[in-house]
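The structure appears below as structure tokens.
In our numbering, the protein residues as written are 203 to 1069.
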């Protein structure tokens, strides 16, 4: 006999999970717990005959062969289970809090409800459901996710809920069973809680603490925590409710990254997950328990970010004795919309905005004192003001002034400034996860894009809107700005006619357009008075189709969502709208913000690396540059693609392009180490590996800072230096290296042979080698190959190479071929031989002056004629 069990005080998530398990484990019996939450008990009473539950007393008298625990990892104490271990499957969305026994197996997923885990399997197996069953499963998901609103809610929860609605789930049941009015007893308990309630600030977060007592039957209590959360919006709720003389029920709720509620509950013998948990503590009154919980919370709570953590510093300011014209010059120089104004001691006097300056200038007040037009009401915050206070202060500003908060010390000396973009960066750390604030994102654009460029982009957005199109900044630029990095370039995508937009903007601003109708792309070039012309590429939003693996894709017009879906990784799928009606709206269809917060490189779809194998190298480059990890499923897909040999089917030029981009990174070593760990380097060439020696060589190359040497070229030489000459030749041929790099690889082989010959000449003694011997060995080899050998070879080779480069390579003889002809010698191979011999004599100190060189060559010429 197989049993499906759950925890006592069964809620809808637990009951729904039991029901779903009966469909996935045919023959297993779902045992109805005698202790049900009140709303669950009512549902069971109404639909008992349509649900597959068995009461404990009705179980057949058979041995239990397997247990299936849902929404819990704790086996109930039942006499029929005995003491011997029973094979057990645990299905739970809470991570395990203990070591599993050998007879236990867990099925866990990061979802908002355990029901979701099981519904996803029902979906995969296309199992039918009755309307009542679908409704119960919907209640399970909605209850544990707070109607899809709690922080732990995931996309799959919503997807499963939608699937259940398609199967006949009654959405009105959510109002009937989850959004129920409080009973009379619950109202009494809520009144007690509000009478004893305290709102404390702990580690910068608001914590609601309250206690109460119930002497009669205990009602369902978790809904009281939800009601208090809605009324007072604290970050953490801790309720202690004494139930008769037996003990006290502890209920915990937490939001975002304030506190791990499950860990706190475990200190008192309970459990749960980080957002919701509970415990029942015997032999202690409610007030005493609450005091102990508060003390534990103070010890465990993560400190909130403060104003000092997120402010920008140092701050550009204007002096109090400046004129209006001087203040305008400062605003133009720094590209700000407002500047704090300080006295000579750095004490804040007020703030001047571009708007107020423009008004003064329109009235001809250029030489008027700036002090007359200051706004004296900017919000001043202490450096220890918590993030919640910062948010409230910015919300109170509401854009009526400047959207800037000034952080000051107790003497009002300016320490820093907080703008909406600073708050956005704090939000991306995971401290304040939620929907994006469009104004915050707009401020981010102002922070990272220069004023002229931003004005052009805003005008382009306005033209797009007039034309019925939409213009977005997408991809890496958005990613970098959210991470607080200045983007290298902009990727502009147009939902609509990209070429028409570029041509309209060019007509207005006086630029030129080069377009490709087949691809829907246009390049706009705007001449500027100073500096290089500004070039902007407008690309039609499109989708891609791959006829075969590794082929270049066919494209066609599509929506922004489809365009972003063809991108490589989720963190590159973010988009910011530039249309005036939606300016600063951040679009995140594929969880890019989530993966930025978690520092993960995640591929969008399973065939991504098959479609474009170069994405494998790109994943390593991005992970190394950003300090991110490659998500486990993505790593598995990379391994699968390599087993399929996709790198062998990709064009050599594209692979080398990605490899060169890695070598162009400031520190390529982490990316190359990751490529080796993934098995990519051996796929590029069987004997290509990343080693500790190579890491040392790369570091030495940077430290040496050789003049006129490209570091990426030197990195390439060092990367292939451990290969044999034949292997380097094969590498050059396989990847169609240009003549310059092919010559470099050949020179590496040559320099290794010559250095080995020099080393052999020294034997076991430390005898000096003549300069002529060094020169003859190294002459004609490229400087880049010599520098690579200088780093990679053991002594005394580096000293020979340095001497050659410093003293020998630049030597020029006073004698050339013209002089040899004047002696009656005919041009031919002997010319070169004579000059080489003269060069050796010169380097060895035999013929150092022009006269000595001339005499030496005359003797050699005479000897030549005698032959």
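Don't be surprised by glycine CBs; every beta carbon is placed ideally from N, CA and C.
- Can you find at least 3 beta carbon pairs, one from the region 1049 to 1067 and one from the region 991 to 1001, that sit closer than 8 Å? no
- Nearest to residue 585 by CA position, among 472, 508, 311 and 474, is which residue? 508
- Validate contact between the region 722 to 735 and the region 789 to 802 using beta carbons, cut 8 Å, 3 pairs: no
- With a Cβ-Cβ cutoff of 8 Å, do residue 525 and residue 576 count as a contact? no
- Residues bridged to residue 695 (per DSSP): 674 and 741
- Query: Looking only at DSSP bridge pairs, what is residue 307 linked to?
  - Reply: 291
- Message: Buried or exposed, going by whether 16 or more other CB atoms sit within 10 Å of the CB of residue 663?
- Response: buried
- Query: Whole-angstrom Cβ separation of residue 316 and residue 272, contact assumed at under 8 Å?
  - Reply: 6 Å
- Message: Quick check on DSSP: helix, strand or coil for residue 983?
- Response: coil
- Task: Determine the extent of the beta strand (DSSP E) in which residue 453 is found, giving its start and end residues.
- Result: 449 to 456
- Task: Figure out for me which residue from 842, 722 and 775 has the closest Cα to the Cα of residue 678.
- Result: 775
- Task: Can you check DSSP and say which residues form a bridge with residue 402?
- Result: 409
- Item | Length of the line joining the Cα atoms of residue 217 and residue 876 | 45 Å
- Query: For the alpha helix (DSSP H) that residue 249 lies in, which residues bound it at each end?
  - Reply: 240 to 249
- Query: With C-beta atoms as the reference, is residue 618 less than 8 Å away from residue 514?
  - Reply: yes
- Query: To the nearest angstrom, how far is it from the Cα of residue 222 to the Cα of residue 440?
  - Reply: 32 Å
- Message: How far does the alpha helix (DSSP H) with residue 718 in it extend, from its first residue to its last?
- Response: It is not in any alpha helix (DSSP H) - residue 718 instead sits in the beta strand (DSSP E) that spans 714 to 718.
- Message: If we define contact as Cβ-Cβ less than 8 Å, is residue 976 a contact residue for chain C?
- Response: Protein chain content of the structure displayed is limited to a single chain, and chain C is not contained in it.
- Cβ separation of residue 880 and residue 838, assumed to be a contact under 8 Å, to the nearest whole Å: The pair is not a contact, with the Cβ atoms about 11 Å apart (cut-off 8 Å).
- Below 8 Å on the Cβ atoms is my guess for residue 920 versus residue 897; work out the distance and round it to an integer in Å. Contact flag wrong, Cβ pair sits at about 10 Å.
- Message: By DSSP's criteria, residue 256 is part of a beta bridge. Which residues make up the other side?
- Response: 233
- Message: With the cut-off set at 8 Å, would you say residue 820 and residue 911 are in Cβ contact?
- Response: no
- Task: Answer yes or no: do residue 293 and residue 269 have a C-beta to C-beta separation smaller than 8 Å?
- Result: no
- Query: Hey, quick one: how far does the alpha helix (DSSP H) through residue 959 stretch, first residue to last?
  - Reply: 941 to 964
- Query: How should residue 720 be labelled, buried or exposed, when 16 other C-beta atoms within 10 angstroms of its C-beta is the threshold for buried?
  - Reply: exposed
- Task: Please name the residue, chosen from 419, 395 and 409, that lies closest to residue 237 on a Cα-to-Cα basis.
- Result: 419
- Task: Tell me, please, whether the region 406 to 416 touches the region 388 to 395 by the rule of three or more beta-carbon pairs shorter than 8 Å.
- Result: yes
- Can you tell me the Cα-Cα spacing of residue 882 and residue 800, whole angstroms? 25 Å
- Task: May I ask you to list the residues that DSSP assigns as paired with residue 539?
- Result: For residue 539, which the question treats as bridged, DSSP gives no partner whatsoever.
- Beta-bridge pairing of residue 591 - partner residues as DSSP gives them: For residue 591, which the question treats as bridged, DSSP gives no partner whatsoever.
- Nearest neighbour of residue 235, chosen from 207, 369 and 976 [CA to CA]: 207
- Message: Can you find the residues in the same chain that come closer than 6 Å, C-beta to C-beta, to residue 307, ignoring five residues on each side of it along the sequence?
- Response: 291
- On the three-pair Cβ rule with 8 Å, is the region 454 to 466 touching the region 383 to 391? no
- Whole angstroms is fine: what's the gap from residue 262's alpha carbon to residue 501's? 50 Å
- Query: Is residue 937 helix, strand or coil by DSSP?
  - Reply: coil
- Throw me the rounded Cβ distance for the residue 891 and residue 773 pair, which I believe falls under 8 Å. In fact, because the Cβ distance is near 29 Å, the residues do not count as touching under 8 Å.
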